[in-house]
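Residue numbers (the working numbering): 127 to 544.
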Ligand code: HAM
């Protein structure tokens, strides 16, 4: 027997209410903040991601689903959404539209990670990108949008972590200071951090090993080494967030797992959750569009993991509106009644009522059991007598009351329940 590939899941019908609820929340927040939908292909040229996400990252080094297609072209299933949106922005000349261009997506994302609760090899993201403006007011708006999105879903006890990791001008100096510090503490570091020290020192701050965490705690902080422009940008952002009354914590060790970030980075986490419970994260990526061959174009965005949101909705017991399933099952006895039931089901559907005629050759009793198991509101019963008199018997499943009505009045009767 085949099984879903490790790290992938089926979303069964009973789960769908959660997905629709979160998607609806995403659509609604995007409407309110003026974001338009964009959909990009599931796979791209590999170079797009190695270039954007960065060579020294876990995503590029260990997690991408990369293969040569039949024509020998190297392609990768998207391991995140931002690079594709930037590619599309350039490819379709979206820089000629009023800036910032505000776009959102709901997309499946592929990363070869070690599967566990809240960590899958195919997951789904709701993401937003605001491209073409470096105003810290836009950072505040994007963070506010992420925050309001989670609260509109009725998730509670979330925390917003914020940091600034500087720009092309100030980051090299900071990295040199960070490297110096870590070189002085190299003996206690884990093996991965030994490599990070050489290849991607910023990620040293993010290590989950207890000994490395102790070292990271006392490490020099990027916010203390920002250039005047970045400093001012960060201060303005903090002020705007305070004005918007969004509570945040400056987390000096927040660096994110993708290399394209500049200045603002942020994450939203549930209380008491570790790294793997992060609901969403994002930041500025002011150099990425230029890196991909465009003019220098500042931008900021965020993405949230749908599966993690749903895990937390369940954990917090948030009540989700459910959509009713099938409303009417038409039960029948005899061949003529069966034909009648098929026509009747078609008529009810045309009248906007969700209906099915029982199939197979079950007894009437078994058909009623089926109606019960399906949770329909009404069963409609047609036998020889009903066929002869052009009537149908309606059974209210909630109280087992039955009445016989003219068949042509059924849509009316069922719609009004009287
Ligand atoms: P990211 O932090 O890598 O950012 O992913 C965003 C969110 O996707 C995470 O906070 C988490 O909720 C979810 N997520 C990530 N990996 C997994 C996984 N293996 N299983 C389940 N959920 C996962 C980005 O991808 C950036 N592109 C966000 C961004 C947009 N930055 C600027 N614009």
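Quick reminder that beta carbons are idealized off the backbone N, C-alpha and C, glycines included.
For clarity, every value in this text was computed on a predicted model and none was experimentally measured.
Point to revise | beta strand (DSSP E) segment containing residue 395, residue limits | key: In the chain shown, counting from the first residue as 1, residue 395 sits at position 269. Note, residue 395: beta strand (DSSP E), 388–396.
Review point. Which full runs of the alpha helix (DSSP H) of 4+ residues lie inside the stretch 470–510, going along the chain?
Key: 490–500
Check your understanding: What are the boundary residues of the alpha helix (DSSP H) that includes residue 540?
Key -> The residue given as residue 540 occupies position 414 in the chain shown. Looking at the DSSP string, the run of the alpha helix (DSSP H) that includes residue 540 is 536–542.
Check your understanding: Is DSSP giving residue 314 helix, strand or coil here?
Key -> Numbered from 1 along the chain shown, position 188 holds the residue referred to as residue 314. In the structure shown, residue 314 sits in a helix (DSSP, three-state: H, G or I).
Review point. Exposed or buried, which one is residue 501 when buried takes at least 16 other CB atoms within 10 Å?
Key: Here residue 501 refers to the residue found at position 375 of the chain shown. Exposed: under 16 other Cβ atoms inside 10 Å.
Check your understanding: Does the ligand HAM have a heavy atom nearer than 8 Å to the CB of residue 239?
Key -> Taking the chain shown and counting its residues from 1, one reaches residue 239 at position 113. Within the cutoff, so yes.
Exercise for review: Output the distance between the C-alpha atoms of residue 320 and residue 310, rounded to the nearest integer angstrom.
Suggested key: In the chain shown, the residue the question calls residue 320 occupies position 194. In the chain shown, the residue the question calls residue 310 occupies position 184. Each residue's alpha carbon lies about 12 Å from the other.
Point to revise | Selected residue, minimal CA-CA separation from residue 527, among 536, 503, 511, 512 | key: Position 401 of the chain shown, counted from the start, is the residue given in the question as residue 527. Of the candidates 536, 503, 511, 512, the one whose C-alpha sits nearest the C-alpha of residue 527 is 503.
Review point. Should residue 405 be listed as close to the ligand HAM, given that the test is whether its C-beta is under 8 Å from any heavy atom?
Key: Looking up residue 405 in the chain shown gives position 279. For the ligand HAM, at least one heavy atom lies less than 8 Å from the Cβ of residue 405.
Review point. Is residue 288 closer than 9 Å to residue 390 when the C-beta atoms are compared?
Key: Along the chain shown, read from residue 1 onward, the residue named residue 390 stands at position 264. Along the chain shown, read from residue 1 onward, the residue named residue 288 stands at position 162. Yes; because the gap between Cβ atoms is below 9 Å, this pair is in contact.
Exercise for review: Reducing DSSP to helix, strand and coil, say where residue 299 ends up.
Suggested key: As a first step, residue 299 is located in the chain shown; it is residue number 173 there, counting from the start. Note: residue 299 maps to helix in three-state DSSP.
Review point. Counting along the chain, where does the alpha helix (DSSP H) carrying residue 438 start and finish?
Key: By 1-based counting over the chain shown, the position of residue 438 is 312. Counting along the chain, the alpha helix (DSSP H) containing residue 438 begins and ends at 432–441.
Review point. Quick one: complete alpha helix (DSSP H) runs, 4+ long, within the stretch 193–223?
Key: 208–217
Check your understanding: Between which two residues does the alpha helix (DSSP H) containing residue 522 stretch?
Key -> Along the chain shown, read from residue 1 onward, the residue named residue 522 stands at position 396. Here residue 522 belongs to no alpha helix (DSSP H); instead the beta strand (DSSP E) covers 517–522.
Practice item. Flag residue 545 as yes when its Cβ comes closer than 8 Å to any non-hydrogen atom of the ligand HAM, and as no otherwise. Key: The displayed coordinates of the chain run from 127 to 544. Any statement about residue 545 would go beyond what the structure contains.
Review point. Who are the near neighbours of residue 131 in its chain, counting only those whose CB is closer than 8 Å to its CB and skipping five residues on each side?
Key: Working through the chain shown from its first residue, we reach residue 131 at position 5. If we look at residue 131 and ignore the five residues flanking it on each side, its Cβ neighbours are 247.
Exercise for review: Just confirm the distance between the C-beta atoms of residue 383 and residue 341, as a whole number of angstroms; I'd bet it's less than 8 Å.
Suggested key: Residue 383 sits at position 257 when you count from the first residue of the chain shown. Residue 341 sits at position 215 when you count from the first residue of the chain shown. With 8 Å as the limit, residue 383 and residue 341 do not qualify as a contact, their Cβ atoms being about 19 Å apart.
Exercise for review: State the DSSP-derived secondary structure class of residue 384, mapped to helix, strand or coil.
Suggested key: Residue numbering aside, residue 384 sits at position 258 when the chain shown is read from its first letter. Looking at residue 384 - three-state DSSP - the assignment turns out to be coil, as it is neither helix nor strand.
Point to revise | residue 296 versus residue 262: straight-line alpha-carbon distance, rounded | key: Along the chain shown, one-based indexing puts residue 296 at 170. Along the chain shown, one-based indexing puts residue 262 at 136. Straight-line Cα distance between these residues: approximately 18 Å.
Practice item. Going by CA-CA distance only, name the one from 483, 445, 231, 465 that's closest to residue 279. Key: Counting from 1 along the chain shown, the entry for residue 279 is found at position 153. Nearest option by C-alpha distance: 445.
Review point. Residue 284 lies in the beta strand (DSSP E); which residues open and close that run?
Key: Taking the chain shown and counting its residues from 1, the one referred to as residue 284 is at position 158. Element bounds for residue 284: 284–290.
Exercise for review: May I ask you to list the residues that DSSP assigns as paired with residue 228?
Suggested key: Against the chain shown, residue 228 aligns to sequence position 102. Partner(s): 256.
**Study point:** Cβ neighbours of residue 226 in the same chain (closer than 7 Å, five flanking residues each side left out)
**Key:** Numbered from its first residue, the chain shown carries residue 226 at position 100. Answer for residue 226: 256, 257, 258, 259, 264, listed in chain order.
Point to revise | Near the ligand HAM: residue 291 beta-carbon under 8 Å from a heavy atom | key: For the purposes of this step, residue 291 is identified with residue 165 of the chain shown, where counting begins at 1. No, since every heavy atom of the ligand HAM falls outside the 8 Å radius drawn around the Cβ of residue 291.
Check your understanding: Counting Cβ pairs, one atom from each stretch, are 3 or more of them under 8 Å apart for the stretch 417–424 and the stretch 201–221?
Key -> yes
Practice item. Hey, could you find the ends of the beta strand (DSSP E) residue 85 is sitting in? Key: No information on residue 85 is available, as it lies outside the stretch 127 to 544 that the chain covers here.
Review point. Between residue 438 and residue 243, what straight-line distance do the alpha-carbon atoms span, to the nearest angstrom?
Key: By 1-based counting over the chain shown, the position of residue 438 is 312. By 1-based counting over the chain shown, the position of residue 243 is 117. Roughly 11 Å between the two C-alpha positions.
Check your understanding: Can you tell which of 427, 292, 164, 435 has its C-alpha closest to the C-alpha of residue 78?
Key -> The structure shown does not extend to residue 78, since the chain is modelled only from 127 to 544, so the question has no answer here.
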